[in-house]
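Asks: Quick one: structure below, then a few questions.
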Amino acid sequence: MTTGASSTLTGPADLHLHSNHSDGTETPAEVMRQAHRHGIRTAALTDHDRTTGWAEAADAAVGLGMTFIPGMELSAKHEWRSVHVLGYLFDPDDADLVAETARIRGDRVGRAERIVRNIARDYDLSWDDVLAQTAADATVGRPHIADALIERGIVRDRTEAFDGILNPRAGYYEPHYAPDPVTAVRLISRAGGVAIIAHPATSGRDRMMPVPFIERLIGEGLAGFEVEHRENTEAGKRVLRDLAARHDLIVTGSSDYHGAGKPNRPGENITADEMLARVLERGTGSAALRP
Ligand code: AMP
Ligand code: FE
Ligand code: FE
Ligand code: ZN
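Okay, structure coming up:
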């Protein structure tokens, strides 16, 4: 196994995949096997707010002849919006980033318990049901509550849970602590990482941040946008492409695979070789692993 950037690229690249270290349903190794089966040759593991899956995923990916890019999807918040910032190739031991992700994960636990308490007013659901759906030490999120609701026979799948009981409109929702996007971008950049806003142009409650605010993030070191993602609106993608061209930013395309937890399949969107090269060049906090 060799490490570090090299000039040989191995696309197709999918730079947004989740394992059961957060809210995906498969182990990191299984996620890499699924990506490979779907034709992916460069893959990033991007669990929410943690890096514990890197070693297992890297071993599996390299064993399959793939290039592995270490990543994470950092939770942030702008006003009422949940904003997700993808970080690649940062130093996983960076003290500020380690402290902030620990704070987010810790607060997510109490928040999930509060949501469950709210739901338990009307449905037969307990915190133990949620723990039974959560891999040891995983970053807890609403998807795990969805899985507990499925197990209890209250909903059919995660989609039904998110459309109903877990939707903020249902009245059971509670927020969790998350830093503002400026802090999130700075943390990733200062740890040597490449900060890319995940699915920046979804519709509804988390719709796009105002362009002047995005431009402020660019000033803070934001490297680019995940433009090709199934939840971005077409109008939003056009705005993002324009902004990226104007500021010479990286644009990526990825699946946001969650195993059985979402319909998204590895490789349904991919990142262009030229953009992959820019990510690899810009990330200095940790190394991509190559076969
Ligand atoms: P949380 O961060 O705990 O509020 O939960 C948000 C997570 O739920 C996101 O990371 C998504 O991956 C997942 N999610 C959001 N909507 C859906 C959906 N309709 N079906 C499955 N998973 C979803
Ligand atoms: Fe997720
Ligand atoms: Fe996300
Ligand atoms: Zn994601």
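Under our numbering, the first residue of the sequence shown carries the number 93, and numbering increases by one thereafter.
Using N, Cα and C, we set each Cβ at its ideal position, and we do this for glycine too.
Note that the structure is a prediction, hence the values are computed from the model and not measured.
Could you tell me the boundaries of the alpha helix (DSSP H) in which V277 lies?
Replies: P273 to R282 is the extent of the alpha helix (DSSP H) around V277.
Asks: Helix, strand or coil, according to DSSP, for H140 in the structure here?
Replies: The answer is strand: DSSP assigns H140 an E or B state.
Asks: Cα-Cα, which of I289, G245 and R382 is closest to H176?
Replies: Nearest C-alpha to H176: I289.
Asks: I'd like to check one pair, M124 with A153: are the Cβ atoms closer than 7 Å?
Replies: Closer than 7 Å, so yes.
Asks: Give the secondary structure of I207 by DSSP, where H, G and I count as helix, E and B as strand, and everything else as coil.
Replies: Note: I207 maps to helix in three-state DSSP.
Asks: Should the stretch 357 to 364 be regarded as contacting the stretch 266 to 274, the criterion being three or more beta carbon pairs within less than 8 Å?
Replies: Touching, no.
Asks: Look up I288 in the DSSP assignment and give the residues it is bridged to.
Replies: I288 pairs with L178 and G316.
Asks: Does the Cβ of S167 have 16 or more other Cβ atoms within 10 Å, making it buried, or fewer, making it exposed?
Replies: The residue is buried, with at least 16 neighbouring Cβ atoms inside 10 Å.
Asks: Beta carbon of A235: closer than 6 Å to some heavy atom of ligand 1?
Replies: The question names Ala, yet the displayed sequence has Pro at residue 235. Flag set: Cβ of P235 near ligand 1.
Asks: Cβ of H110 within 6 Å of any heavy atom in ligand 3?
Replies: No; taking the cut-off as 6 Å, the Cβ of H110 has no heavy atom of ligand 3 nearer than that.
Asks: Which residue's Cα is closest to the Cα of F317: R248, Y180 and R382?
Replies: With distances taken between Cα atoms, F317 lies closest to Y180.
Asks: Bridge partners for H170 per DSSP, in chain order?
Replies: Paired residues: R173.
Asks: How about D229: is its Cβ closer than 6 Å to a heavy atom in ligand 4?
Replies: No, Cβ of D229 sits at least 6 Å from all heavy atoms of ligand 4.
Asks: Grab the span of the alpha helix (DSSP H) containing D334 for me, first residue to last.
Replies: Unbroken alpha helix (DSSP H) run through D334: E326 to H339.
Asks: Does the beta-carbon of D216 have 16 or more other beta-carbons within 10 angstroms, so that it is buried, or is it exposed?
Replies: The residue in question, D216, is exposed, as its Cβ has fewer than 16 Cβ neighbours within 10 Å.
Asks: Within 7 Å of any Cβ in chain C, is that where the Cβ of E366 sits?
Replies: The structure shown contains no chain C; it is built from a single protein chain.
Asks: Is the distance from the Cβ of P184 to the Cβ of T143 below 7 Å?
Replies: Taking 7 Å as the Cβ cut-off, P184 and T143 qualify as a contacting pair.
Asks: When you compare the CB positions of V277 and G313, do they come within less than 7 Å of one another, or not?
Replies: In this structure, G313 lies closer than 7 Å to V277 by Cβ.
Asks: Check each residue's C-beta against every heavy atom of ligand 3 and list, in chain order, those closer than 6 Å.
Replies: Residues flagged by the Cβ proximity filter: E165, H176, A290 and H291.
Asks: Which of helix, strand or coil does DSSP assign to G163?
Replies: Correct three-state label for G163: strand.
Asks: What are the boundary residues of the beta strand (DSSP E) that includes T376?
Replies: T376 -> no beta strand (DSSP E), and no H or E assigned at all.
Asks: Using only the alpha-carbon positions, how far apart do N324 and H291 sit?
Replies: Straight-line Cα distance between these residues: approximately 6 Å.
Asks: With a CB to CB cut of under 8 Å and the five nearest residues on each side skipped, what residues in its chain are close to G233?
Replies: Excluding sequence neighbours, G233 sits near S114, D115, H140, R200 and A204.
Asks: Quick one: using the 10 Å Cβ neighbour count with 16 as the cut-off for buried, is E366 buried or exposed?
Replies: Its Cβ having fewer than 16 others within 10 Å, E366 is exposed.
Asks: Compare the Cα-Cα distances from W219 to each of R197, R195, R244 and D188 and report the closest residue.
Replies: Nearest option by C-alpha distance: R244.
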